């Protein structure tokens, strides 16, 4: 039975074209209601494919490097300005060899063809299963003048703070420190950033290891964090600071137009929120130091 999922201002109307696919919601069960007004509606249609197509000439590709997560590869080819073809190859998924994504942003129809390991198997999946959702999100965000960033986000006393850094630097640790001080953690690893009614907001995204509620909050401050012997905070401005933020974004920049559009969105964001350099040690003092900022 078709149902609707919500990611920031995007609504995904999910449907099946094959009775041998069954939806088993896990991460998606918390993304069934809108947090903000819907600006864009897409049809997300699932079907089956017997095998992955022969390799073609792709513009961009990627591969996981996280030894703790599932291993996968993806290959991207744009057919025109509004159409993308993505092949997803899965080496250790229990049910799937991979998937073929045909994303038509003009007609707003997103087709996902799942390739089972065994043709006779009934596929039981979450429509936002990883890594399908990771690929969908980065392109849906970009097409809707938003972006994804490796960051944790917290909300307390009507203020939202975003902490961004490369993996292993302390995003989750910072989120835990704030949570112990009564803050709401929006997400501890990956955020969707979008301007809604003139205000930049952060939205939680479907995660691989746990089912997190869909949450959002305004962004007032961005902290570029690093581990340090002492807690220290200093304001940042200018292009170099903006590029440090952009370096932590999740971005598939496969041509100059896509790059320019993404850069414009990130630059608008970094000009309109306050940026800080933040070296911290994992203790509660850093929370008080940040809360004391104007």
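In the numbering used here, the protein residues as written are 85 to 378. For glycine and all other residues, C-beta sits at the position ideal for the given N, C-alpha and C. Small disclaimer: the values here were computed from a predicted structure and weren't measured.
Beta-bridge pairing of residue 284 - partner residues as DSSP gives them:
According to DSSP, residue 284 bridges with 279.
Mapping the DSSP letters down to three states, classify residue 119 as helix, strand or coil.
Here residue 119 sits in coil by DSSP.
I'd like the list of long-range same chain contacts for residue 85, defined as Cβ closer than 8 Å, with 5 residues on each side in sequence excluded.
Note that residue 85 scores a pLDDT of 47, beneath 50, so its modelled location is shaky; the value from the coordinates is reported in the next line. Same-chain partners within the cutoff: there are none.
Would you kindly report the start and end of the unbroken alpha helix (DSSP H) that includes residue 374?
Judged by DSSP secondary structure, residue 374 falls within the alpha helix (DSSP H) whose first and last residues are 369 to 375.
Should the region 317 to 330 be called in touch with the region 261 to 278, which here means at least 3 C-beta pairs below 8 Å?
In this structure the region 317 to 330 does not touch the region 261 to 278; the number of beta carbon pairs closer than 8 Å is below three.
Return yes when the Cβ of residue 236 is within less than 8 Å of the Cβ of residue 290, no when it is not.
Residue 290 is not a Cβ neighbour of residue 236, given a cutoff of 8 Å.
Any idea if residue 254 is buried or exposed, counting beta-carbon neighbours within 10 angstroms, 16 or more meaning buried?
Buried is the call here.
Going by alpha carbons, who is nearest to residue 99 out of 204, 225 and 129?
Here the closest residue by C-alpha is 129.
Are residue 339 and residue 166 closer than 8 Å when you measure CB to CB?
Taking 8 Å as the cut-off, the Cβ atoms of residue 339 and residue 166 do not count as close.
CB residue 292 to CB residue 209, shorter than 8 Å?
Contact flag unset, no.
Does the count of Cβ pairs from the region 359 to 378 and the region 302 to 316 closer than 8 Å reach three?
Touching, per the Cβ criterion.
Own chain partners of residue 306 with C-beta closer than 6 Å, once the 5 adjacent residues on each side are dropped
Here residue 306 has 246, 357 and 359 as same chain residues with Cβ atoms under 6 Å from its own Cβ, once five neighbours each way along the sequence are excluded.
Can you check the region 124 to 212 for any alpha helix (DSSP H) of at least 4 residues that lies completely inside it and give the ranges in chain order?
Within the region 124 to 212, no complete alpha helix (DSSP H) run reaches 4 residues.
Given a cut-off of 8 Å on the beta-carbon distance, is the pair residue 110 and residue 89 in contact?
In this structure, residue 110 sits away from residue 89, with a CB-CB distance that is not shorter than 8 Å.
Per DSSP, which one or two residues make a beta bridge with residue 360?
DSSP lists 307 and 319 as the bridge partner or partners of residue 360.
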